[in-house]
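Residue numbers (this note's numbering): 416 to 632.
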């Protein structure tokens, strides 16, 4: 849990209520999280991925009681992603093993139809045995300052968490970076470049000492 461990890999955003957002966000927070809570992958289906919100300190829980969700002026929760992957090489090896056993027993190789049918059964067997790959990304939301932090290193992961938060709470998340802050203040991005004085200092710092002295003379 990066929030509790104090990890530094995070992205910060400003939370802006969108049209249709709940007036009392704190009161509706638990309900919105439950509506999009994590649900395990149904191994009987073809789905390979499941994602949703879970509690910060218990990634198998999604009750979101006040005691597990609120810490002072913060709302703390996590976004969990599970994925089951059956490597093609593993499935092919199982099919080849079955085909060899079939030929030994029947005295002939399996037909294409028999092989296809058994391939599906073997894939389901491997799905039932597979342990999902789980990734959990913590979210810290200051309800007073309306700043939200996503504790993830991958841009793709951050974008998925943001989409989940924006959809669940009907809010807009704006990156808290200089360019975004300037845009909110009406400052053009071109104005954020280094000043002429700064450029001059940088150029002078790169020149040999003799050239700098000559220029001063």
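Quick reminder that beta carbons are idealized off the backbone N, C-alpha and C, glycines included.
Query	Result
Give every residue of the same chain whose Cβ lies closer than 8 Å to the Cβ of residue 506, excluding the five residues on either side of it in the sequence, and list them in chain order.	534, 537, 538 and 541
May I ask you to report which of helix, strand or coil DSSP gives residue 607?	The predicted model places residue 607 with a pLDDT of 49, which falls under 50 and marks its position as unreliable, so this point remains unresolved.
Can you tell me whether residue 426 is buried or exposed? The criterion is at least 16 other CB atoms within 10 Å of its CB, across all chains shown.	buried
Just mark residue 495 as buried or exposed, buried being the case when its beta carbon has 16 or more other beta carbons within 10 Å.	buried
Note down the Cα distance separating residue 457 from residue 545, rounded to an integer number of angstroms.	12 Å
Using a Cβ-Cβ cutoff of less than 6 Å, which residues in the same chain neighbour residue 440 once the five nearest sequence positions on both sides are dropped?	none
Could you check how far apart the C-beta atoms of residue 493 and residue 580 are, in whole angstroms? I think they sit under 8 Å.	Not really, about 12 Å apart at Cβ, beyond 8 Å.
Can you give me the C-alpha to C-alpha distance between residue 489 and residue 584, rounded to a whole angstrom?	15 Å
Between residue 471 and residue 491, which are expected to be in contact by the criterion C-beta below 8 Å, what is the C-beta distance as a whole number of angstroms?	5 Å
Among the residues of its own chain, which have a CB less than 6 Å from the CB of residue 432, if the five just before and after it don't count?	586
Assign residue 428 to one of three DSSP states: helix, strand, or coil.	strand
For my contact list, residue 484 and residue 468 are in at a C-beta cut-off of 8 Å; report their separation, rounded to the angstrom.	Not confirmed; about 10 Å, so no contact.
Which same chain residues end up closer than 7 Å to residue 547 when comparing Cβ atoms and leaving out the 5 residues on each side of it in sequence?	456, 497, 498 and 499
Rounded to whole angstroms, what is the Cα-Cα separation between residue 560 and residue 446?	22 Å
Could you work out which residue in 477, 466 and 452 is closest to residue 549 when comparing CA atoms only?	466
Within a Cβ cutoff of 6 Å, which residues of the same chain sit near residue 424, ignoring the five residues on either side of it in sequence?	568
Starting from residue 442 and walking both ways along the beta strand (DSSP E), at which residues does that stretch end?	Premise fails: residue 442 lies in the alpha helix (DSSP H), 440-450, not in any beta strand (DSSP E).
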